[in-house]
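Peer 1: FYI, our numbering numbers position 354 of the sequence shown as 469, with every residue one higher than the one before it.
Before I ask anything, let me first share the structure, which is written out below as structure tokens.
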Amino acid sequence: MPDHRLAPTHWNPRGEAEGTGPRGLPVRVWGGIPGEEGSIKVVHVGEHSTAARWRGAQEPHPHRRDPMCEKWTACGGCSLMHVTRMGQELARRDLVARAFAAEGVAAEIGQFHESPDGERNYRHVVKLGVEFSDTGRLRVGAWGRGDRRIVPIPHCNVAAPVLRKTMASIAHWIIELAIWPWDPNTGQGALRAVVLRASRTTGEVLITLVAGKHTKAMGELAERVHEGVAEVAGVWIHLNDEPGNAIFTRDGDGVVGVSPLSGRDHIEEKLNGITYRIGPGDFFQTNPGMAEVLYRRTVERMAPGPDDAVVDLYSGVGGIALQVGTQAGFVVGVEEVEGAVNRAREVSRLNKCNAEFQLGQVIDVLPELGRRLARTHPIVSVNPARRGLEPGVADAIAALAPSRIAYVSCNPRALARDIARFQTHGFHLDGPIELFDMFPHTPHVEVLALLAGPAAEASAGRAPRRKVIRAV
């Protein structure tokens, strides 16, 4: 297709510069920058939008720079790498502002917190896939942009150095041992993915092999990598023969089933003085340095005191609940994944934190919590999945009559929608929202909002006496 000229007007949530084409449909430009007019090459014309690639401009945008990775386009994981740090901050501010405007919510966008580890080496989780190349050779790497073909990333600039070292060893031994990729259609092969997590605190690495079936080669791979990389603390295997692209599957209790191949079942990460244990299948922030800042600011803005009750919803392995456990009079976390609850209880005991954790869906647990916390006006923190709060949850939270709500979100549009719901109950934004650069070079941003409600005055009652809940 011939080249065309376009001046994109804004960023879309995928980190592409977007403008309007001749048919009035969106044109998504990989490598473009809003406000920079130049040449684009159309690569696909769809029913609802057109995909294009940036070719060049006579006058490059002042925020344009050369990407620091030769795999930038093929991998696609760092869609804003061609933009300076200031340009990336402005892009995220624009995306958040547009999301709030779309929901009709007025908000002051305050501080943008840069990643403490800078633009490189911040990522402490890497997920690798395996496939045969067009010439029949084994290939290990990231799932590529668009077509999900595997792109080797041995020198990934955003991965922690210890992960680059470990990735190289894993890729070498997968190829050396001729471990074939799993084919769900035929049942041939074995390996689906490799998930690596490194601790920013200790430098140790935990590896999970995800396989369609367990073979002798899995044990040999684990042994070779564990022996060859001193930082590897353990290697585990998770069996997943389900169709689709999901890496992990959970059983009926929400537990990711794993079996040992070599070494320990966890590594440790310390954030703001709290030690977390992270095992195979546990969710924990990819950028622990930025998570430390996010949690610290969340607690500072919640400002819990010794007479306050704190309810942490979607508590996971205890990220926020354990941070406030030394300050509040009573802390309870609510989480629907049993494996995460068990881990949170374990870590709470490890840190001697004043926190308990309840298993269940938020919408089901809140009524009983409301009875326990009657007249206390608790502080509520929420950190839901990308979809935001499920229908009815905002109403149930409002029924607790909290003095304030700290909302942490990875999806500004869902956050704005939920804030609008809280506003119907008399809540309002208390101060500016804050942005956290959890994933440099991407359009993704964590947002912290604090809401105050009708019960924002001093709590009318004291926190209930803590009930100790032991792990099951």
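Virtual Cβ for every residue (Gly too), placed ideally from N, Cα, C.
Which runs of the alpha helix (DSSP H), 4 residues or longer, sit entirely within the region 363-425?
Peer 2: Listed in chain order, they are 403-417.
Peer 1: So, do the region 489-497 and the region 513-525 have three or more beta carbon pairs nearer to each other than 8 angstroms?
Peer 2: Cβ pair count under 8 angstroms is three or more, so yes.
Peer 1: Using three-state DSSP, classify G233 as helix, strand or coil.
Peer 2: Coil, per DSSP.
Peer 1: Tell me where the alpha helix (DSSP H) around S164 begins and ends.
Peer 2: Where S164 is concerned, there is no enclosing alpha helix (DSSP H), given that its DSSP letter is neither H nor E.
Peer 1: DSSP puts L428 in a beta bridge; with which residues?
Peer 2: In DSSP, L428 forms a bridge with V449, V497.
Peer 1: Quick one: grab the DSSP three-state call for A305.
Peer 2: Three-state result, A305: coil.
Peer 1: Pick helix, strand or coil for S463, following the three-state DSSP scheme.
Peer 2: In the structure shown, S463 sits in a helix (DSSP, three-state: H, G or I).
Peer 1: Shortest alpha-carbon distance to P555 belongs to which of T135, E229, R179?
Peer 2: The residue with the shortest Cα to Cα distance from P555 is E229.
Peer 1: For the putative contact between W297 and R307, defined by C-beta atoms under 8 angstroms, what is the C-beta separation to the nearest angstrom?
Peer 2: Contact holds; Cβ gap of about 5 angstroms.
Peer 1: In chain order, what residues of the same chain have a beta carbon less than 6 angstroms from the beta carbon of P421, not counting five sequence neighbours either side?
Peer 2: Correct list, in chain order: G444.
Peer 1: Counting pairs of beta carbons, one from the region 214-234 and one from the region 402-416, are three or more of them closer than 8 angstroms?
Peer 2: Verdict: yes, contact present.
Peer 1: Helix, strand or coil, according to DSSP, for A286 in the structure here?
Peer 2: If DSSP states are grouped into helix, strand and coil, A286 belongs with the helices.
Peer 1: Bridge partners for P141 per DSSP, in chain order?
Peer 2: Partner(s): T135.
Peer 1: Can you tell me whether N236 is buried or exposed? The criterion is at least 16 other CB atoms within 10 Å of its CB, across all chains shown.
Peer 2: Per the 10 Å Cβ criterion, buried.
Peer 1: With T188 as the anchor, note down where its alpha helix (DSSP H) starts and where it stops.
Peer 2: Its alpha helix (DSSP H) spans residues 187-190.
Peer 1: Within 10 angstroms of the Cβ of E151, are there 16 or more other Cβ atoms? Answer buried if so, exposed if not.
Peer 2: E151 comes out buried.
Peer 1: Please look up how many angstroms separate the CB atoms of C310 and I393, rounded, as I've assumed it's under 8 angstroms.
Peer 2: The sequence as given places Val at residue 310; Cys does not occur at that position. Wrong, their Cβ atoms sit about 11 angstroms apart, outside the cutoff.
Peer 1: Flag this pair as yes or no: are the beta carbons of G541 and A514 separated by less than 8 angstroms?
Peer 2: No, they are not a contact pair.
Peer 1: Grab the span of the alpha helix (DSSP H) containing Q173 for me, first residue to last.
Peer 2: First-last for Q173: undefined, no H or E at that position.
Peer 1: Let me know the secondary structure DSSP gives K582 once reduced to three states.
Peer 2: At K582 the pLDDT is 44, less than 50, meaning the model places this residue with poor confidence and gives no usable figure here.
Peer 1: Could you check which residue in H176, W145, I435, P419 has the C-alpha nearest to that of I155?
Peer 2: Ranking the options by Cα distance to I155, first place goes to W145.
Peer 1: Using the rule of at least 16 other Cβ atoms within 10 Å of the residue's Cβ for burial, across every protein chain shown, is S374 buried or exposed?
Peer 2: Per the 10 Å Cβ criterion, exposed.
Peer 1: Tell me the DSSP bridge mates of F472?
Peer 2: Answer is G448.
Peer 1: Taking R487 as the reference, give the member of A424, G153, V432 with the closest Cα.
Peer 2: When each option's Cα is compared against that of R487, the closest is A424.
Peer 1: My guess is that A337 and V320 are in contact by the Cβ rule of under 8 angstroms, so how many angstroms apart are they, rounded?
Peer 2: No, A337 and V320 are not in contact; Cβ-Cβ is about 12 angstroms, not under 8 angstroms.
Peer 1: Under a CB-based cut-off of 8 angstroms, is I289 close to chain B?
Peer 2: Although the question refers to chain B, the structure presented lacks it and comprises just one protein chain.
Peer 1: What three-state label does DSSP hand G349 in the structure shown?
Peer 2: Three-state DSSP puts G349 in a strand.
Peer 1: Among M553, T539, G507, A511, which has the Cα closest to the Cα of N526?
Peer 2: Checked all of M553, T539, G507, A511; the closest Cα to N526 is M553.
Peer 1: For the beta strand (DSSP E) containing E561, list its first residue and its last residue.
Peer 2: 561-567 is the extent of the beta strand (DSSP E) around E561.
Peer 1: Thinking C-alpha only, which one of N387, V452, A332 is nearest G369?
Peer 2: Considering only alpha carbons, the answer is V452.
Peer 1: To which residues of the same chain is N272 closer than 6 angstroms at the C-beta, ignoring the five residues directly before and after it?
Peer 2: The answer, listed in chain order, is M183, C184, R235.
Peer 1: In this structure, does DSSP put V587 in helix, strand or coil?
Peer 2: With a pLDDT of 29 at V587, under the threshold of 50, the predicted position of this residue should be treated as unreliable, though the coordinate-derived value follows. Of the three classes helix, strand and coil, the one that applies to V587 here is coil, per DSSP.
Peer 1: Consult DSSP for P117 and reduce its assignment to one of helix, strand or coil.
Peer 2: P117: coil per DSSP, three-state reduction.
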